[in-house]
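Chains as they are written, first to last, in the working numbering: chain A, 1 to 357; chain Y, 1 to 357; chain S, 1 to 357.
Each residue gets a CB set at the ideal place from its N, CA and C atoms; glycine is no exception.
Below is one structure; the comments refer to it alone.
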Amino acid sequence: MFTQVRLLRHKLHTMSLHMSRIMRPDDANVAGRVHGGTALRMIEEAGVIASTRHCNSQPGHENCVSALVRVERTDFLSPMLIGEVAHVSASVTYTAHHSLEVQAVVTAENLLNGNKRLTNKASLWYVPLSVKSPDKVLPVPPMLYGCKEEEEEGRIRYETQKHDRSQQQQCPSFIFSPTTDPEMHTVACSQSSLIHLVGPSDCAIHGFVQGGVTMKLMDEVAGIVAVRHCKSNVVTACVDAMNFHRKLKLGTLLSVTGRLTFTSQRSMEVEVAVEADTLVDRVIGNGSTMVAENTEGSQRFCAVSAYFTLISLSSDGKPKPVPQLKLETEDEKKRFEEGKARYLQSKAKREAQKGSA
Amino acid sequence: MFTQVRLLRHKLHTMSLHMSRIMRPDDANVAGRVHGGTALRMIEEAGVIASTRHCNSQPGHENCVSALVRVERTDFLSPMLIGEVAHVSASVTYTAHHSLEVQAVVTAENLLNGNKRLTNKASLWYVPLSVKSPDKVLPVPPMLYGCKEEEEEGRIRYETQKHDRSQQQQCPSFIFSPTTDPEMHTVACSQSSLIHLVGPSDCAIHGFVQGGVTMKLMDEVAGIVAVRHCKSNVVTACVDAMNFHRKLKLGTLLSVTGRLTFTSQRSMEVEVAVEADTLVDRVIGNGSTMVAENTEGSQRFCAVSAYFTLISLSSDGKPKPVPQLKLETEDEKKRFEEGKARYLQSKAKREAQKGSA
Amino acid sequence: MFTQVRLLRHKLHTMSLHMSRIMRPDDANVAGRVHGGTALRMIEEAGVIASTRHCNSQPGHENCVSALVRVERTDFLSPMLIGEVAHVSASVTYTAHHSLEVQAVVTAENLLNGNKRLTNKASLWYVPLSVKSPDKVLPVPPMLYGCKEEEEEGRIRYETQKHDRSQQQQCPSFIFSPTTDPEMHTVACSQSSLIHLVGPSDCAIHGFVQGGVTMKLMDEVAGIVAVRHCKSNVVTACVDAMNFHRKLKLGTLLSVTGRLTFTSQRSMEVEVAVEADTLVDRVIGNGSTMVAENTEGSQRFCAVSAYFTLISLSSDGKPKPVPQLKLETEDEKKRFEEGKARYLQSKAKREAQKGSA
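Here it is as structure tokens:
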């Protein structure tokens with residue numbers, strides 16, 4: 001038995017990963033609170049390292065890098081501040097035949113008084129892609145579980161996310177109303193869009209964008225939509241599950257668009273969609289001699305979409321009432337009702353958890 | 001006389017500034033060519049240092065920081081590549097009562113073969129603002145000229161730009177056509193927009209955005225519009241004169257929008273406008289204790305606009321024909337004719353320069 | 001003789017390099033003091049340019065890029081602040097057969113009052129590697145010295161560092177005590193670790209990490225360890241000599257670990273080690289077509305280690321007493337004694353210099 005425990009410890013040591021970074025002014029909004037997107041990006045970087053390392057751990061394996069396919073719903077419990085240290089711990093927690101789960105825990109440490117607090121937990125799913133032919137998904141080496149229950153619970157999480165991914169609806173169509181001077185607190189008034197051309201640093205570990213880069217851009221747009229609506233500082237409170245359907249390559253143009261769907265007394269729900277456009281298709285060679293050629297014509301597709309929930313903060317950092325969203329079209333009313341249903345469901349869940357605790 | 005020369009040398013030494021930096025993958029497009037915006041940002045950083053230093057050089061002066069108010073037309077003669085070293089030299093070349101001119105020269109150095117080539121020259125105008133009350137423009141200490149002619153030529157440049165700034169037209173109104181599926185090669189098909197929330201690193205030297213940050217964002221949008229139109233790699237060939245009318249503070253939301261106005265056989269002209277929105281107005285304190293309060297309500301205004309000319313490149317880096325722009329509205333036809341006039345004028349000027357050389 | 005002086009001036013002009021940059025909020029800690037690591041990174045960038053330029057200056061040479069192999073002990077005399085301009089001047093000062101020395105001087109300029117002050121000097125050793133086959137070290141073209149003494153002094157520095165490099169002991173073994181709730185002011189209480197995945201921008205000039213990137217990460221960890229121990233702001237006062245044994249490639253995972261070894265009344269010594277893990281071993285080509293080939297299986301090795309000395313600062317920026325380090329193990333006691341010996345030796349040296357000045 002001792003041997004097994006020792007083995008397990010060794011296993012845990014090699015398979016878990018710890019990352020730390022001091023939060024800098026550029027990681028935060030004007031009120032000094034670190035963007036949820038910064039945490040999402042760190043979590044995903046830890047996840048890609050932990051999962052890639054696991055998938056390459058077998059002797060004689062074919063080289064692979066892992067790509068993010070799904071992030072489960074993530075709640076931000078407490079915002080981090082500039083100067084604090086963010087710690088991310090990530091471990092492989094379940095292995096299926098062709099995908100694996102990484103769980104990550106983020107804590108914020110105030111170096112001056114030594115206080116540490118949990119800021120969020122996340123659960124991510126990756127698939128290992130062959131380095132030689134990135135369209136080929138490789139088998140995942142099985143992990144060693146501490147006990148039967150651990151494996152069984154993982155299997156349930158695996159089945160649940162698999163079902164959810166197969167259900168996944170289409171990307172929302174974002175036809176912006178052509179209003180020049182939209183009325184205050186309407187959807188048209190706060191809708192926002194940014195474009196980002198995928199650069200080399202977005203693709204550090206393999207030839208395609210790390211999922212965390214995309215999530216950070218989405219959080220940025222969600223934040224801008226929310227600030228435009230409530231004219232105060234905001235923080236991201238939670239992000240719904242996201243499925244990443246396709247790899248995004250260097251040179252792809254991402255259009256990240258957000259619009260308000262629902263407001264409660266103290267929260268805003270923003271729907272964010274990422275449309276990808278493979279402008280210039282193929283890039284060959286190294287930094288100084290790269291040539292690009294668009295052989296197949298450009299392709300546009302929806303890469304990912306998600307709901308972000310944000311809250312408004314007063315200047316002393318306390319939650320603040322949110323102006324009610326003015327609905328103008330039938331579509332907006334429909335989306336508002338759907339948002340309300342999601343809001344009530346997650347509220348009920350939170351209360352059930354409190355009750356049981 | 002020797003003494004005067006020595007003094008002058010001393011003067012030139014203290015007033016000129018040299019900056020170098022290795023070009024990184026993130027500075028370049030997918031074909032490895034450094035963005036014009038990277039050069040514009042370096043030039044402006046050198047300009048703000050040289051001009052701020054000059055304005056604080058008088059004993060007993062009131063402390064000031066200089067803010068960019070105008071950049072003259074800039075031609076990019078030769079693109080830089082990743083791994084090359086960019087050198088910027090900037091000197092104060094004319095001083096008026098309340099503004100001063102900085103001229104900058106950019107060269108690219110290939111470390112492997114030692115070749116250096118001129119990539120562009122730029123001329124920038126700054127005004128010194130009081131550190132205590134940033135709305136107050138301070139007097140500029142007079143510079144020492146090498147000879148009478150030098151001063152006289154500077155005075156002519158000063159009068160010319162002053163006239164141009166007073167003529168400056170209003171910002172273009174960018175009402176995007178609400179087309180969902182625009183036809184290829186129309187204005188609607190390539191128009192693009194990005195948003196950027198002004199962060200602390202954009203405002204290092206004073207409380208407001210360095211002009212170079214804004215120019216870099218504009219070049220980024222211009223490049224995306226051009227790639228969307230011609231589906232190949234592009235490089236910035238020149239940027240028209242730009243006037244910066246107002247200071248942009250930390251927390252301001254910039255919407256940078258670009259649309260094609262004109263295409264020739266081998267070039268595209270993109271009009272880029274920056275709209276500023278002071279979402280959250282007042283920021284007090286430093287990075288860790290900043291609080292934000294919107295006391296006056298948000299304000300939207302046009303911060304700057306300019307025409308960027310870009311050329312399309314084939315995979316071997318040679319200029320490539322550009323698809324002709326399809327015009328759909330009367331406005332688009334009018335702008336096309338205006339663009340053509342600018343194109344022919346600048347072509348005539350280039351040929352006159354060749355003839356005289 | 002005049003001709004020789006002129007030649008020398010020309011030589012100095014071509015071989016020296018000047019870099020300037022405004023210090024931004026992200027370069028600094030929460031108290032606005034620029035990290036020693038920012039200066040180290042700028043110095044090394046200037047060094048790699050100056051040395052690569054020199055090694056390619058011979059007609060008919062084989063193309064090479066230089067890689068950092070050693071940095072001599074560096075003292076930080078005065079911290080820089082946000083908004084100040086950092087100037088780095090670097091020149092080649094000695095050439096051996098297969099390595100060369102670059103000396104760099106860093107000054108900080110306050111643009112408002114024109115004051116300039118020396119912040120540090122550094123001495124770096126590089127080897128030229130062939131661009132075609134990066135494992136091949138090329139010969140260094142000899143430099144022209146001003147006088148015999150200059151050459152002789154350089155030769156002594158060369159011999160000294162060569163001896164030191166041959167002596168270099170193994171990387172420290174960092175077995176972190178598995179204590180969950182360590183006692184205040186123990187080594188276990190402040191030990192820290194961060195990981196960094198080497199991205200394209202870390203490797204601009206050749207396929208491997210610029211030494212300055214690694215040094216900046218090490219300084220960051222040293223700072224975190226020190227703040228955790230003394231619960232106040234800190235600045236880096238000096239860094240011991242470092243030897244870089246192996247090239248670190250794109251895609252390598254760096255684990256940077258630091259622990260306190262010694263405290264005096266007013267200073268802390270932190271030992272920092274960088275372990276490299278070639279997750280996916282070989283990366284060829286650019287971002288979008290990178291293929292990675294792990295020919296040898298992943299490898300872990302110690303890339304570099306060094307001692308950083310930091311001092312604690314009170315809120316008004318004055319040095320502050322440091323809590324004494326609590327020693328728990330025999331190893332810790334041994335390292336403390338070694339640290340004390342280094343501290344006393346460097347103190348004696350400083351006093352000898354004062355005495356002779």
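Asked: Under 8 Å between C-beta atoms of Leu254 (chain A) and Val274 (chain A); Found: yes
Asked: Val442 (chain A) vs Val209 (chain A) beta-carbon contact at 8 Å; Found: Because chain A in this structure spans residues 1 to 357, residue 442 (chain A) falls outside the shown range and cannot be described.
Asked: Thr278 (chain A) - DSSP class collapsed to helix/strand/coil; Found: coil
Asked: Option in Y:Gly32, Y:Ser192, Y:Asp27 with minimal Cα separation from Ser374 (chain Y); Found: Since the first and last residues shown for chain Y are 1 and 357, residue 374 (chain Y) lies out of range.
Asked: C-beta atoms of Ser89 (chain A) and Ala104 (chain A) nearer than 8 Å; Found: yes
Asked: Asn113 (chain S) classed as buried or exposed, judged by whether at least 16 other C-beta atoms fall within 10 angstroms; Found: exposed
Asked: Straight-line gap, Pro172 (chain Y) to Asn56 (chain Y) (C-alpha atoms, nearest Å); Found: 37 Å
Asked: Ala226 (chain A) and Leu310 (chain A) closer than 8 Å at C-beta; Found: yes
Asked: Environment of Gly287 (chain S) [buried if 16+ CB atoms lie within 10 Å]; Found: Annotation note: pLDDT 34 at Gly287 (chain S) (below 50); position unreliable, coordinate value reported separately. Label assigned to Gly287 (chain S): buried.
Asked: Ranges of the beta strand (DSSP E) found wholly within the segment 3–74 of chain Y, counting only runs of at least 3; Found: 17–22, 64–71
Asked: Backbone CA spacing between Gln299 (chain A) and Phe301 (chain S) [nearest angstrom]; Found: 44 Å
Asked: Cross-chain neighbours of Ala279 (chain S) in chain A, by beta carbon under 9 Å; Found: Residue 279 (chain S) is actually Leu in this sequence, not Ala. Ile49, Thr52, Arg53, Asn56, Val65, Ile205, listed in chain order.
Asked: Limits of the unbroken beta strand (DSSP E) element including Tyr158 (chain S); Found: Segment 148–167 is the alpha helix (DSSP H) holding Tyr158 (chain S); no beta strand (DSSP E) there.
Asked: Contacts of Val85 (chain Y) in chain S (Cβ-Cβ under 7 Å); Found: Ile49
Asked: Alpha carbon of Asn233 (chain A) to alpha carbon of Ser312 (chain A), nearest angstrom; Found: 6 Å
Asked: Beta carbon of Leu217 (chain A) nearer than 8 Å to that of Leu194 (chain A); Found: yes
Asked: Three or more C-beta pairs below 8 Å linking the segment 152–171 of chain S and the segment 185–192 of chain S; Found: no
Asked: Inter-stretch contact at 8 Å, needing at least 3 Cβ pairs: the segment 34–48 of chain S / the segment 80–100 of chain S; Found: yes
Asked: Three-pair Cβ contact test at 8 Å for the segment 237–245 of chain Y versus the segment 198–207 of chain Y; Found: no
Asked: Cβ of Ser315 (chain S) within 8 Å of any chain A Cβ; Found: no
Asked: Closest Cα partner of Glu151 (chain A) within the set A:Glu101, A:Thr52, A:Lys136; Found: A:Glu101
Asked: Under 8 Å (Cβ pairs) to chain Y, residues found in the segment 13–36 of chain S; Found: Leu17, His18, Met19, Ser20, Arg21, Ile22, Met23, Arg24, Pro25, Asp26, Val30, Gly32
Asked: Ser133 (chain S), buried or exposed, once every other Cβ within 10 Å from all chains shown has been counted against 16; Found: exposed
Asked: Whole-angstrom distance between Ala348 (chain Y) and Pro182 (chain Y), CA atom to CA atom; Found: 35 Å
Asked: 8 Å Cβ cutoff met for His97 (chain A) and Val127 (chain A); Found: no
Asked: Where Tyr343 (chain Y) sits in the DSSP three-state scheme; Found: helix
Asked: Local Cβ density within 10 Å of Leu17 (chain A), reported as buried at 16 or more and exposed below that; Found: buried
Asked: Pairwise C-alpha distance: His245 (chain A) and Lys333 (chain A); Found: 29 Å
Asked: Proximal residues to Val322 (chain Y) (C-beta, below 8 Å), its chain only, five neighbours per side dropped; Found: His229, Cys230, Thr263, Ser264, Gln265, Arg266, Ser267, Met268, Ile311, Ser312
Asked: Neighbourhood of Val71 (chain A) by C-beta distance below 6 Å, restricted to the same chain and skipping five residues each side; Found: Leu124, Met242
Asked: C-beta neighbour in chain Y for Asn113 (chain S), strict 8 Å; Found: yes
Asked: The beta strand (DSSP E) enclosing Val106 (chain S), as first and last residue numbers; Found: 100–109
Asked: Inter-residue Cα distance where the pair is Val235 (chain Y) and Ser20 (chain Y); Found: 22 Å
Asked: Rounded straight-line distance, which links the Cα of Lys340 (chain Y) to that of Val30 (chain Y); Found: 30 Å
Asked: Residue environment, Gly211 (chain Y), which counts as buried when at least 16 other CB atoms sit within 10 Å; Found: buried
Asked: Sub-8 Å separation of His35 (chain S) and Ala46 (chain S) beta-carbons; Found: no
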